[in-house]
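Some notes on the structure that comes next.
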Amino acid sequence: MAIDRKKFPPLYRTVAINDDGLESHSYVPGGLDVLTSTPLNDQPGANPEQFIGLALSTCLNATLEAIEKRRDLPHTSQVHTIVEMARDQRGFQFYVTAQIRLPGVDQETAEAMVDLAERRCPVAKLLGGSENVHVELVKEFSPVPTVTE
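Everything in the sequence shown is counted per my numbering, starting at -8 for the first residue and increasing by one.
In structure tokens, the structure reads:
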């Protein structure tokens, strides 16, 4: 369902630009400029998988930080997002798993905080309709083995 832009006008606007494809660079005018490359070669550069992971990790943790502050808790939340690329019938797809640790917070409170963060975080809301996106509360982060063919 679309949001009424007149009732909820933008508070911030930016533009992210890539004019030359994956083996080039992406940038924000007057700000970030990142060399880009496919993850399937050993050339230097960031890739869409990393950008999605960074966006979800950063947004979820910022949302959790605000929730911690409102509850008068110290900021202890940590978010690690694993993004995997796989083939499908029409090309490629991503599997995204955001793991959240809340050290020093009891399980019931942590579960409530993660649920609230997932409902409030703009990036989580944007990705939330996909069966390939999961947000989970963990005691420890999972090791992320390298994919080998």
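For glycine and all other residues, C-beta sits at the position ideal for the given N, C-alpha and C.
For residue i, the first and last residue of its enclosing alpha helix (DSSP H)
| i | result |
| --- | --- |
| alanine 37 | Segment: none, alanine 37 is in no alpha helix (DSSP H) and carries neither H nor E. |
| valine 114 | 113 to 118 |
Between the CA atoms of residue j and residue i - distance to the nearest angstrom
| i | j | result |
| --- | --- | --- |
| glutamine 34 | serine 17 | 15 Å |
| glutamate 122 | proline 65 | 33 Å |
| valine 138 | aspartate 63 | 41 Å |
| lysine 116 | alanine 89 | 13 Å |
| glutamate 59 | aspartate 97 | 13 Å |
| leucine 26 | glutamate 131 | 32 Å |
| asparagine 32 | aspartate 10 | 21 Å |
| leucine 107 | serine 28 | 35 Å |
| valine 114 | valine 6 | 16 Å |
| valine 105 | glutamate 56 | 11 Å |
| proline 134 | lysine -3 | 45 Å |
Beta strand (DSSP E) segment containing residue i, residue limits
| i | result |
| --- | --- |
| histidine 125 | 124 to 128 |
| serine 121 | Element bounds for serine 121: n/a, residue is neither H nor E. |
One or two residues paired with residue i in a DSSP bridge
| i | result |
| --- | --- |
| glutamate 75 | Tyr86 |
| glutamine 69 | Arg92 |
Closer than 7 Å: residue i CB and nearest the ligand COA heavy atom
| i | result |
| --- | --- |
| glycine 44 | Within the structure as shown, the ligand COA is missing, as the structure has no ligands at all. |
Rounded distance between the beta-carbons of residue j and residue i, thought under 8 Å
| i | j | result |
| --- | --- | --- |
| valine 74 | glycine 44 | 4 Å |
| alanine 101 | leucine 93 | 4 Å |
| valine 124 | valine 87 | 5 Å |
*Could I get the ranges of all uninterrupted alpha helix (DSSP H) runs contained in the stretch 6 to 62, with 4 residues as the minimum, in chain order?*
Annotation note: the stretch 6 to 62 contains the following uninterrupted alpha helix (DSSP H) runs of length 4 or greater, listed N- to C-terminal: 39 to 61.
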